[in-house]
Amino acid sequence: MRIGIKQFSDQLEQYKDDLINFKDKYDYIELYVYPAQMEKLQGWTDLKNKYNIAFTVHAPHFSQHVNLADKSYFEYNRMVYEQVNAYAKALDAEYTVVHGGMDGSVEEIVRQIEIIKPYKMRIENKPYVAPRKPDTMVCRGATVEEIKFIQDNYDCGFNLDVGHAFCSAVSQKINQLEYVKQFLELNPDSYHISDGIYNDRIDIHYHLGDGDYEWNKIFPLLDKNLNWTLETITKNNKDGLSKVVSDIKFIKEH
């Protein structure tokens, strides 16, 4: 098992000391790349080269106005992905995690990624509804069928987010664990891990043990040979990485 921790491209100075001091605790960093932050890349490549840290990349999504499912966003999407691909190549990223987008269509996602060509892309499944507009917007890539459609029509990997699968199942009134098993039939290449509220349709990204997910039932379903990225650090976290290190310990003890 390789365990990664999520970081954001503008967080290097905030977490640099912890990333160095705890580098024997994690196996890679999954770096969420904000648009228009190319000036931040050199700091991350310096960290990678000096301390021999591996990277994956997470592309920005609808929170940063990126929406692969909507044709009207295409030119902006293409510009942002030029930056994302530059980050991924400079960091020799193992892969890039990509969100499908909001509303629109899964066919439009395929059309755009065929042109944009995200670097070593892995599509991520999403909750069924958007946390900021749960009653007016739906996420593309929230269902098994839509992820399979993307896999069948574009050569990419699949990153299974367990919490997102649970949330989608709640929205669709499907048993959560059984829905995760359906996603597992698509042979995911990596996972995102965070805790949450089992019967909530909104994902929360709690630290492990802070929610009510039954990890004793979840962990045995997952392939120990794949990457497990912890998405338990929030953008405005003030506690350093100590709680994320506790999440890593939680996984290894279960």
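The sequence shown begins at -8 in the numbering used here and counts up by one. Ideal placement from N, C-alpha and C gives every residue a C-beta, glycine not left out. All values derive from a computational prediction rather than experimental measurement.
Cα-Cα separation between residue i and residue j, rounded to whole angstroms
i, j, result
"Asp83", "Lys31", "16 Å"
"Asp214", "Gln103", "31 Å"
"Tyr119", "Phe157", "10 Å"
"Phe140", "Pro51", "22 Å"
"Val135", "Phe174", "6 Å"
"Leu217", "Thr225", "23 Å"
"Glu244", "Ala160", "28 Å"
"Asn166", "Leu3", "39 Å"
"Ala45", "Ser162", "36 Å"
"Lys39", "Leu212", "32 Å"
"Ala77", "Phe210", "34 Å"
Helix, strand or coil at residue i [DSSP, three-state]
i, result
"Tyr64", "helix"
"Asn216", "coil"
"Ala121", "coil"
"Tyr170", "helix"
"Tyr42", "helix"
8 Å Cβ cutoff met for residue i and residue j
i, j, result
"Val57", "Asn68", "yes"
"Gly92", "Leu59", "yes"
"Ser185", "Gly154", "yes"
"Tyr98", "Tyr145", "According to the sequence displayed, residue 98 carries Glu and not Tyr. The answer is no: Cβ separation not under 8 Å."
"Leu168", "Lys(-3)", "no"
"Asp238", "His198", "yes"
"Val89", "Glu115", "yes"
"Tyr72", "Pro122", "no"
"Gly(-5)", "Tyr17", "yes"
"His132", "Lys117", "In the sequence on display, residue 132 carries Gly and not His. Closer than 8 Å, so yes."
Identified DSSP bridge partners for residue i
i, result
"Met29", "Answer is none; Met29 lacks a bridge partner."
"His155", "Partner(s): none; His155 has no beta bridge."
"Gly(-5)", "Tyr19 and Thr220"
"Met112", "Thr87"
"Gly92", "Arg131"
"His49", "Tyr23 and Val88"
"Phe149", "Ile114"
"Tyr189", "Bridge partners of Tyr189: none, in fact."
"Ser181", "Asn150 and Asn218"
"Tyr197", "Asp186"
Item to complete: For the stretch 66 to 84 and the stretch 14 to 29, state whether three or more C-beta atom pairs, one from each stretch, are separated by less than 8 Å.
Response: yes
Worksheet item: Hey, is the stretch 143 to 158 in contact with the stretch 169 to 183, meaning 3+ C-beta pairs nearer than 8 Å?
Response: Contact holds: three or more Cβ-Cβ distances are below 8 Å.
Item to complete: Would you check if there are 3 or more beta carbon pairs closer than 8 Å linking the stretch 187 to 194 to the stretch 3 to 19?
Response: no
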